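Q: In the numbering used here, the protein residues as written are 7 to 242. Quick reminder that beta carbons are idealized off the backbone N, C-alpha and C, glycines included. Please read these numbers as outputs of a predicted model, since none were measured by experiment. Handing you this structure, nothing more for now.
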Amino acid sequence: MLAAIDLGITNIDIVFHHGKAYGHLRLPANGRPVEKQMEAALMTLKEQGYSPEKVAVTGGQYRRLSKRLGSVELVGVSEVQAIGLGGLALAGLERALVVSAGSGTAMVAARGRDCTHVTGTAVGGGTLQGLGRLLVGTADALEIDRLALAGDPNRADLTLVEAVGEAVKKDLIRDVLDANDHSGRQYKCRIVVDLKRDADPELVMKQLYQYTPCQITVSMINIALVNRQPRTMGLK
């Protein structure tokens, strides 16, 4: 029996191969230290009737683990290799672009045993924990979640109302009488803009998109160095 475990910030994912089929189990990390996460994962496998002698381990903190945990040998695998080779094995393919979409997202080009990180975002659970430590004084995921739930999500978009007001004051947006936040249970984000009698709604709409955060565009360009020169390349 083969097993692989991904120790994430939010969840612990377990993939195992028994006979001719793959199985998948998931349990919450609950902010536990990496050793406790590993123990919980092995206990979950044991409860399912599986007791592997060797387990492949990946995730942001897998390097903190020792080579063995009790009678089980632990083999550390880089996240890029785990995403690429794991994606090929589960899909039954020889080559693919494998996308791991969690709180952080990675795109890995996998060809046989060769796995290359193509692009993605590093804003994952570790980044959120670091921001939590700086902004609210804690890196505990459960405490950050508790603080978020205790807040008022309807007040998160007040900056948009303020931005409209500033644009009107600077005469960037014309024909606007007032802007109010009507967000609530029915509408999570609803900003009501009152116009003057002879205003052109289409023109005001264009000005809102142009001069306020009504629309945010993020551009991403994948550039590789070829002979020390930057080139935009495809994935082939």
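With H, G and I counted as helix, E and B as strand and the rest as coil, what does DSSP make of glutamate 41?
A: Here glutamate 41 sits in helix by DSSP.
Q: Can you give the Cα-Cα distance for threonine 238 and histidine 123, rounded to whole angstroms?
A: For threonine 238 and histidine 123, the distance between alpha carbons rounds to 15 Å.
Q: Take every Cβ of the region 51 to 66, pair it with every Cβ of the region 15 to 27, and state whether three or more of those distances are shorter than 8 Å.
A: With the cut-off at 8 Å, the region 51 to 66 and the region 15 to 27 touch.
Q: With which residues is glutamate 79 paired in a DSSP beta bridge?
A: DSSP output for glutamate 79 lists Lys60 and Arg74 as bridge partner(s).
Q: Excluding the 5 residues flanking arginine 100 on each side, which residues of the same chain have their C-beta closer than 6 Å to its C-beta?
A: Residue identity differs from the one stated: residue 100 is glutamate in this sequence, not arginine. Contacts found: none.
Q: Looking at C-alpha atoms only, which residue of Tyr217, Ile89, Thr127 and Val40 is the closest neighbour of aspartate 120?
A: Of the candidates Tyr217, Ile89, Thr127 and Val40, the one whose C-alpha sits nearest the C-alpha of aspartate 120 is Ile89.
Q: Could you give the distance in angstroms between the alpha-carbon of aspartate 204 and the alpha-carbon of valine 198?
A: Near 18 Å, if we compare the C-alpha coordinates of valine 198 and aspartate 204.
Q: Using the beta-carbon count (16 or more within 10 Å), is methionine 44 buried or exposed?
A: Burial call: buried.
Q: Which residues in the same chain as histidine 24 place their Cβ atom closer than 6 Å to its Cβ, once the five residues preceding and following it in sequence are excluded?
A: Answer for histidine 24: Met7, listed in chain order.
Q: Skipping 5 residues on each side, what residues in its chain have a beta carbon closer than 8 Å to that of leucine 201?
A: Closer than 8 Å at Cβ, skipping near neighbours: Asp181, Val182, Leu183, Pro207 and Val210.
Q: Specify, as a first and last residue, the run of the alpha helix (DSSP H) that proline 207 falls within.
A: Its alpha helix (DSSP H) spans residues 207 to 217.
Q: What do you get for tyrosine 193, buried or exposed, if any count of 16 or more other CB atoms within 10 angstroms of its CB means buried?
A: Flag for tyrosine 193 reads exposed.
Q: What residue from Asp146, Gly76, Arg69 and Val142 has the CA that sits closest to methionine 49's CA?
A: Among Asp146, Gly76, Arg69 and Val142, the Cα nearest to that of methionine 49 is on Gly76.
Q: Would you call aspartate 12 buried or exposed, if buried means 16 or more other Cβ atoms sit within 10 Å of its Cβ?
A: So aspartate 12 ends up on the buried side.
Q: State the CB to CB distance for the pair leucine 31 and alanine 46, rounded to an integer number of angstroms; the pair is presumed to be in contact (CB under 8 Å).
A: Leucine 31 to alanine 46, Cβ: 11 Å. No contact.
Q: What is the residue span of the beta strand (DSSP E) that valine 124 lies within?
A: Its beta strand (DSSP E) spans residues 120 to 127.
Q: Going by the CB atoms, is the gap between glycine 14 and glycine 65 shorter than 8 Å?
A: Yes, they are a contact pair.
Q: DSSP three-state label for arginine 237, please.
A: If DSSP states are grouped into helix, strand and coil, arginine 237 belongs with the strands.
Q: Around the Cβ of glycine 138, are there at least 16 other Cβ atoms within 10 angstroms (buried) or fewer (exposed)?
A: Glycine 138 is buried by the Cβ-count criterion.
Q: Could you please give the first and the last residue of the uninterrupted alpha helix (DSSP H) stretch that includes valine 86?
A: Where valine 86 is concerned, the enclosing alpha helix (DSSP H) stretches over 85 to 97.
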